[in-house]
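Down below is the structure, laid out as structure tokens.
Number of protein chains: 2
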Amino acid sequence: MPAKPPQPPRPTDAELEILTVLWARGPATVRDVHETICRRKPAQYTTVLKMLQIMAEKGLVRRDEKQRAHIYQASRPREWTQRQLAGDLLQRAFNGSAKSLIVGALAARKASKEELAELHQLLEEYEKGTP
Amino acid sequence: MPAKPPQPPRPTDAELEILTVLWARGPATVRDVHETICRRKPAQYTTVLKMLQIMAEKGLVRRDEKQRAHIYQASRPREWTQRQLAGDLLQRAFNGSAKSLIVGALAARKASKEELAELHQLLEEYEKGTP
DNA sequence: TTCTTCGTAGTAAAGTCTTCGTAGATCATG
DNA sequence: CATGATCTACGAAGACTTTACTACGAAGAA
Chain A
1493 MPAKPPQPPR PTDAELEILT VLWARGPATV RDVHETICRR KPAQYTTVLK MLQIMAEKGL
1553 VRRDEKQRAH IYQASRPREW TQRQLAGDLL QRAFNGSAKS LIVGALAARK ASKEELAELH
1613 QLLEEYEKGT P
Chain B
1493 MPAKPPQPPR PTDAELEILT VLWARGPATV RDVHETICRR KPAQYTTVLK MLQIMAEKGL
1553 VRRDEKQRAH IYQASRPREW TQRQLAGDLL QRAFNGSAKS LIVGALAARK ASKEELAELH
1613 QLLEEYEKGT P
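Sequence order for the protein chains is A and B.
Each residue of the first sequence is one higher than the one before, starting from 1493 at the first, in our numbering.
Each residue of the second sequence is one higher than the one before, starting from 1493 at the first, in our numbering.
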């Protein structure tokens, strides 16, 4: 068995779904995660358990075994993983052009007026910070 | 064999690499694609061939068999697929928040001053178009 | 024509991803 | 204690992904 990688690999689809739950709920047991997942789609308890075990091996989650029901939590904060995923897609599909990615994102889901305003402000801060 | 899906599925990593070549080169033979791929990493000719065959089945590329060396081309324009990918990631990892995705993208790869200015302008057009 | 080169197709091996069933340990309760 | 509930670990099936070898036909050269 290889040691846990310091840089956990890109999460797969199912893994990302579980990470989403952990980010929203904070540290949680298998049962907690399972119940949350089940509200959106049918899934067996042991399936979630197995995923969490695999994710622990990969280093995507950390697990506290002090209790009988182990407590899992994402090993990286949401923002960190989101940055990885955005950067990965940027590299693989957008040839590194952040502009293209943003165009794609805005085209995929029309942003509201408020969201656009937020983005506008965000950009201005970036422009100030990058002289 | 199922018919070609009208909505081709999300391309995998290797598929996306090939699509990138086709987008850049336009319609191309297996040999063309193979040579381009080979400049960046070792790969067998028949591996590229097989990928293109699979991608044709999935509907990711179209193939013209009139010549002996078949001609392949992406079945969807780059922008369309990029929009799909951005939307998919937006949904799966960013809870639909375009802002978060953009923050992630900008954090992943610092944009140049020029790029930021372009984005700024782009946003203003969006804001005009979304009253 | 014969031999070599170039092309596609088919097969399959190895790896990963996802799902779930079963077994065994632990805990709570009558 | 006995029984049922709860939890983890293990194993494995099935699908998908990636890679590459082999076979065989078509085109071109000697």
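Cβ atoms here follow ideal geometry from the backbone N, Cα and C, with glycine treated the same way.
Closer than 8 Å by C-beta to D1580 (chain B): which residues in its own chain qualify, once you throw out the five before and the five after it? Chain order, please. R1502
What does the alpha-carbon distance come out to for the pair E1610 (chain B) and A1585 (chain B)? 26 Å
### Message
For L1608 (chain A), would you say it is in contact with chain B, using Cβ-to-Cβ distances shorter than 7 Å as the test?
### Response
yes
Between T1573 (chain B) and the rest of its own chain, which residues show a CB-CB distance below 8 Å, the 5 nearest in sequence each way excluded?
P1503, L1511, A1566
Please name the residue in B:G1596, B:R1601, B:V1525 whose C-alpha comes closest to that of A1561 (chain B). B:V1525
Answer with buried or exposed for E1509 (chain B), where buried requires no fewer than 16 other C-beta atoms within 10 angstroms of its C-beta. buried
Do L1544 (chain B) and P1500 (chain B) come within 7 Å of each other at the CB atom, strictly closer than that value? no
### Query
To the nearest angstrom, how far is it from the Cα of A1541 (chain A) to the Cα of A1506 (chain A)?
In the sequence on display, residue 1541 (chain A) carries Leu and not Ala. Approximately 12 Å, taken between the alpha carbons.
What whole-angstrom Cβ distance do V1513 (chain A) and Y1537 (chain A) have, given they're in contact under 8 Å? Going by Cβ atoms, the distance from V1513 (chain A) to Y1537 (chain A) rounds to 14 Å, so no, they are not a contact pair.
*Contact list for the stretch 1585-1598 of chain A against chain B, Cβ threshold 9 Å*: A1585, F1586, N1587, G1588, S1589, A1590, K1591, S1592, L1593, I1594, V1595, G1596, A1597, L1598
task: Buried or exposed for Q1576 (chain B), please, with buried defined as at least 16 other CB atoms from any protein chain shown within 10 angstroms of its CB.
output: buried
Limits of the beta strand (DSSP E) - the one that A1566 (chain A) falls within: 1563-1566
- Message: Taking the beta strand (DSSP E) that R1555 (chain A) belongs to, which residues open and close that run?
- Response: 1553-1556
In chain B, which residues lie less than 7 Å from L1581 (chain A) when you measure between Cβ atoms?
L1577, L1581
**Q.** Endpoints, the alpha helix (DSSP H) within which G1596 (chain B) is located
**A.** 1590-1600
Between the Cα of E1606 (chain A) and those of B:E1619, B:E1606, B:R1517, B:R1601, spot the shortest distance and give me the residue it belongs to. B:E1619
Between L1614 (chain A) and K1591 (chain B), how many whole angstroms is the CB-CB distance? I'm expecting something under 8 Å. 7 Å
- Query: What three-state label does DSSP hand A1520 (chain B) in the structure shown?
  - Reply: strand
Query raised in the report: Looking at the unbroken alpha helix (DSSP H) that takes in P1559 (chain B), where does it start and where does it end?
Result: Per the sequence presented here, residue 1559 (chain B) reads as Gln, with Pro not at that position. No alpha helix (DSSP H) contains Q1559 (chain B), which DSSP labels as neither H nor E.
Residues within the stretch 1503-1528 of chain B neighbouring chain A, beta-carbon criterion of under 8 Å
D1505, L1508, E1509, T1512
- Query: Taking C-alpha atoms, which residue in A:L1608, A:E1617, A:E1616, A:G1621 lies nearest to G1621 (chain B)?
  - Reply: A:L1608
**Classification of G1588 (chain B) by the beta-carbon crowding that lies within 10 angstroms, buried from 16 upward** = exposed
Check: A1548 (chain B) C-beta below 6 Å from any heavy atom of the ligand ATP: Looking for the ligand ATP in the displayed structure turns up nothing, as the structure carries no ligands at all.
Q: Let me know the secondary structure DSSP gives T1539 (chain A) once reduced to three states.
A: helix
Are I1594 (chain B) and I1594 (chain A) touching if we call contact CB-CB under 7 Å?
yes
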